[in-house]
Structure formats: C-alpha cells, structure tokens
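Take a look at the structure set out below.
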Amino acid sequence: MDKDINIKVKVWRQNGPKEKGHFETYPLENISQGSSFLEMLDILNEKLINEGKEPVVFDHDCREGICGMCSLYINGHPHGPDSGITTCQLHMRRFNDGDTITVEPWRSAGFPIIKDLMVDRSAFDKIIQSGGYVSVNTGGVPDANSIPIPRDDAEMAMDAAACIGCGACVAACKNGSAMLFVSAKVSQLALLPQGRVEAARRAKSMVAKMDELGFGNCTNTGACEVECPKNISISNIARLNREFLKARFKD
Amino acid sequence: MNWLIKSSIGRKFVQSISGLFMILFLLFHVSMNLVLIFNYETYDFLANEVLGANWWAIVGTGVIALGFVVHTIYAIWLTLQNRKARGKDRYASSSKTDTTWSSQNMFVLGLFILLFLLLHLYQFWYEMQFKELLMIEGARHDSATLVKEVFSQVWVVIVYIAAFVALWFHLTHGFWSALHTVGWNNTIWMKRIKVLGNVVSTAICLGFIVVALAMHFGFSNLVG
Chain A
38 MDKDINIKVK
48 VWRQNGPKEK
58 GHFETYPLEN
68 ISQGSSFLEM
78 LDILNEKLIN
88 EGKEPVVFDH
98 DCREGICGMC
108 SLYINGHPHG
118 PDSGITTCQL
128 HMRRFNDGDT
138 ITVEPWRSAG
148 FPIIKDLMVD
158 RSAFDKIIQS
168 GGYVSVNTGG
178 VPDANSIPIP
188 RDDAEMAMDA
198 AACIGCGACV
208 AACKNGSAML
218 FVSAKVSQLA
228 LLPQGRVEAA
238 RRAKSMVAKM
248 DELGFGNCTN
258 TGACEVECPK
268 NISISNIARL
278 NREFLKARFK
288 D
Chain B
4 MNWLIKSSIG
14 RKFVQSISGL
24 FMILFLLFHV
34 SMNLVLIFNY
44 ETYDFLANEV
54 LGANWWAIVG
64 TGVIALGFVV
74 HTIYAIWLTL
84 QNRKARGKDR
94 YASSSKTDTT
104 WSSQNMFVLG
114 LFILLFLLLH
124 LYQFWYEMQF
134 KELLMIEGAR
144 HDSATLVKEV
154 FSQVWVVIVY
164 IAAFVALWFH
174 LTHGFWSALH
184 TVGWNNTIWM
194 KRIKVLGNVV
204 STAICLGFIV
214 VALAMHFGFS
224 NLVG
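Chains as they are written, first to last, in the working numbering: chain A, 38 to 288; chain B, 4 to 227.
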C-alpha cells in the first residue's frame, strides 16, 4: 500500500545559462507515494513560494507521457529509475522513506541549461526542420489502401514514430549523441513509400544538421535505448547509418 | 569523399572498416601462431619465406600499419569530439544506465592495446623484418626460437595475457558495433552478429593465450 514518506530532494539550481549552478537540498514531509514525481515537485514549489523563495524551474506539459516536454535526470537515470516511462509518469512509490533524491537537468553541450532544471532543446527542432518531413502536393485525399505497405514495415515505422523528442537519449549518452532521436525521425519516414522519395536528401541533411549543432558521434553503447521512455530501438540507428551511407555512395 | 572526414557517420564508417580489417588480420595472426604448437620448422618457413622481407609482406605490413594508424587517429578524434559534445558538467548522480562495460571503455582498452603493440613490435617485428629491411646486424631468421626465448620470461606472458584480455573486451563490442555502423540493420541478425562477435573474439584471444602459455611451459613444436 502507498504510504506517506519523508524525503530530501537534492535539486540543481542555476540562475541562468551563464551562471554557476549548485545543488540545494530541500526536506519534504508527508509526500504520498501515490503522487507523481512532478506533483512532488509542485508541492516543493508551493512550499518555496510560501517561504518567499524562488520556485524550481522545470519543464512539463501534458503530464501523461505523450508530449515529450518533461525531462529531469533522477538518481542516475533520465526520466528516473523506472523504465519505459517519462518523468511525469514516474510515481513516488518508486522511492522510500528517508531517501535523498538527486534531480539534475539534462547535461549535454547540445542542450544548454536555461534555468535550474530547464534546458534548451530547440536543437531537436532545428534537426527536424532540416528534413524530418515529407513534402506533399495538396489535392484530393487518396484512398487509404491505394499504396500497400507491408505489415512489418508499418509496425517498425510506428515504433519509430513513438519518439516524443524528449532528449533522454542525448542525456543518457556518454558521447552526447543525438543518433537515437535522428534515427527514429529518419526511420519513421524511410520505412514508408511516401517517405522514400526524399529519403536520401533527408538522411544527409538531418545528419549534417545534427553534426553542425555539436552532438557527438554514436559509439553504440546502447545507453539511449535503455533509457528511452518510448523504447525506441537502436536498430533505427543502424537503419540511419545505412540510409546515410547509401545516399553518400550514390553521390 | 570529404564526408569521410566531415560527417559523424562518415568518420564512424572509417573507424568501422579499419576495425573490421584488423579483425581479419588478427584471424590470420592467430592462425599462424597456432603453427608454433605443432612445428617450429613450418613456422620459420612461414615467417621467412612466405612473409619475411618479400615485397608482398612489406606491402601487407604497410597496409596493416595504415589501418592501425587510421583507427588510432580516428579514435582520438572521435573521442575528443564526444567529450566536447558531452559538455563540461558531469552528473552528480553518476550514470546508472545498464550498458556493457566494454562499450563504455573502448578508448581506454584501445590505448592499452596500443601500448602493448609497441612492446610487441619491438620484441618481434623489429628483430625480424625491420632489421632485415634496413640491413641492421643481427636480424633473426630463427623466428620460432626467438618466440621461445621471449616467452620464457614470466612477465612477458603476464603482460601478453593482460593485453589479450583487453583485446577480448575491445572486440566483443567492436565486432557488432562496426557492423551496426556500416548499416547492418536487422533485428534478428543483430542478435546472431553479437553471438558471432563473441565467438570470433573468444577464438582469437583464446588462440593467442594458448600459444603464449604453450611457449612458456614447453608444449610447443609437438610434431617437430
């Protein structure tokens, strides 16, 4: 059964991108194990506001694990100790009475800190803008089954499309590599006939953008796959490698 | 072809191909070593007549050296870039992500193997091929005897076995990782490739270890 627990939260506080950050430890009492991790942070912020202190800044939006807005590196894991979930789906029952919970922002050169636990992930948007789309001519809507797609391809494309772009892969990677993200975005289109038309151009420009923005070189440690809240497989990375090399050898 | 330098996947492609090439070389190397267990004369024939200072052996040595130099330079380059991409700030709660140890330590393992290689080249290649090429006095043609002399020392055996263990860790990650990077994307075959990688790494390293021990304890030249 869920109990009320007393915990200490060790949070990274940093006033701005250029300022020096430090850890603050805040004790919290009677936190229901039934509450979510972000609700616990809400309670902390309410307490801080009531004490006249500055609340902790953190990203969050839908709180149901589909928007990709929440982040947080909790006790050595992006999105916390549970697997296959985002931080907003993490519950306090994963923690025990008396625990000190360390909460840090994503740390990677590609994701500079804005304030406290909030990082700038606009690099991902720039990568998408460089080719993560299909160009379509508007007109009459074609019949859904006019282009046959093998079931396995459709399944793999859907699995890749589950990526919510939260950046946990970059946060987990010792190389600060964005390959899992980029490979999911390339794969979801490369596997489908509609995406094949621009496949070569897409692979080249998205990889070029990723390199330009300073993300690292993938060394296949597989840390991204383990921490991904959407369980995106690194087989997508192999597919991206193939798509890119195929495009390059065709030149 | 400047994408082999400018693009991250291009650089990794070079690293993978040079790595895979050296795995082929290691397979050749261990096969030749195993001859020592059976017959010294055959080994000397292979070392002096088939390899030795013949033009093809010199060209081969050059190609292998090039592969190794490229692999080393790219490793340093990629690692420096990756450290930069990771940023200066480290996590206070150190990473608890469950990954294989070797995949996190490829550079350190490689560095250890590189240092070992310098010793190894000085002990054998310098004595055999290099001296002969530059006409330095005392080039050795009794290759098997030279191996036996070197491996009669205990510290040599210990250092070599340590290097083979490091090589095993390096190869168990390197084998499948290289094929992954050249674009072998298949969820069923990737598992088999990982197993095959373990088999190949174990065969190579076990072969080297067996020969090192056999030379030290005198279980060599059995059908001599």
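By construction, the Cβ of each residue, glycine as well, lies at the ideal position given by its N, Cα and C atoms. All of these numbers come straight from a predicted model, not from anything done at the bench.
- Chain-ordered, the chain A residues with CB closer than 7 angstroms to the CB of arginine 89/B read Ser145, Ala146, Lys211, Asn212, Gly213, Gly253.
- Residue state for threonine 205/B is assigned as helix, using DSSP reduced to three classes.
- Taking the beta carbon of serine 10/B as reference, the chain A residues within 9 angstroms of it are Lys241, Val244, Ala245, Asp248, Phe281, Arg285, listed in sequence order.
- Residue range 272-287 is occupied by the alpha helix (DSSP H) that includes arginine 279/A, with no beta strand (DSSP E) assigned at that position.
- When DSSP states are grouped into helix, strand and coil, valine 171/A belongs to the coil group.
- Along the region 124-202 of chain B, the alpha helix (DSSP H) occurs as fully enclosed runs of 4 or more residues at 146-154, 157-184, listed in sequence order.
- Checking the DSSP bridge columns, you'll see leucine 65/A partnered with Ile44/A.
- Put simply, the CB of threonine 123/A is far from chain B, with every gap to its CB atoms at 7 angstroms or more.
- Rounded to the nearest angstrom, the Cβ distance from alanine 142/B to glutamate 152/B is 15 angstroms, too far for a contact under 8 angstroms.
- Listed in chain order, the beta strand (DSSP E) runs fully inside the region 59-124 of chain A are 59-69, counting runs of at least 3 residues.
- For tryptophan 6/B, the three-state secondary structure derived from DSSP is helix.
- Between alanine 197/A and proline 115/A, the C-beta gap is not smaller than 7 angstroms, which leaves the two residues out of contact.
- In the structure shown, methionine 38/A adopts coil according to DSSP, grouped into three states.
- Arginine 50/A carries a strand assignment under DSSP once its states are collapsed to helix, strand and coil.
- The beta carbon of isoleucine 67/B lies closer than 7 angstroms to those of Phe28 in the same chain, with the five residues before and after it left out.
- Put simply, the backbone Cα of isoleucine 42/A is about 32 angstroms away from that of glycine 53/A.
- The DSSP-derived three-state label of glutamate 235/A is coil.
- Counted as a single uninterrupted DSSP element, the beta strand (DSSP E) harbouring glutamate 141/A occupies residues 137-141.
- Methionine 155/A has Lys152/A as its beta-bridge partners, per DSSP.
- Chain A has no Cβ within less than 7 angstroms of the Cβ of serine 19/B.
- Taking the CA atoms as reference points, proline 92/A sits about 25 angstroms from glycine 147/A.
- Here arginine 14/B is actually not in contact with isoleucine 20/B; their C-beta atoms are around 11 angstroms apart, not less than 8 angstroms.
- Glutamine 84/B reaches chain A at Gly253, Asn254, counting residues in chain order whose Cβ is nearer than 7 angstroms.
- Taking 7 angstroms as the cut-off, the beta carbon of phenylalanine 60/A is found no closer than this to the beta carbon of lysine 45/A.
- The beta carbon of tryptophan 179/B sits closer than 6 angstroms to the beta carbons of Ile196, Lys197, Gly200 from its chain, once the five residues preceding and following it are set aside; these are given in chain order.
- Isoleucine 122/A places its beta carbon less than 7 angstroms from that of proline 266/A.
- For lysine 55/A, there is no enclosing alpha helix (DSSP H), as DSSP marks it with neither H nor E.
- Taking one beta carbon from each stretch, the region 82-97 of chain A and the region 161-179 of chain A have fewer than 3 pairs nearer than 8 angstroms; the two do not touch.
- One Cα belongs to alanine 236/A, the other to cysteine 261/A, and the distance between them is close to 24 angstroms.
- For glutamate 192/A, no Cβ of chain B is located within less than 7 angstroms of the residue's own Cβ.
- Distance from the Cα of alanine 205/A is smallest, within the candidate group Met195/A, Phe218/A, Ala194/A, for Phe218/A.
- Secondary structure of serine 97/B (DSSP, three-state): coil.
- Asparagine 254/A and glutamine 70/A have their C-alpha atoms some 40 angstroms from each other.
- Secondary structure in the region 192-228 of chain A: the alpha helix (DSSP H) runs of 4 residues or longer, each lying completely within the stretch, are 205-209, 216-227 in chain order.
- Secondary structure of serine 145/A (DSSP, three-state): strand.
- In the DSSP assignment, glycine 13/B falls within the alpha helix (DSSP H) that extends over 11-41.
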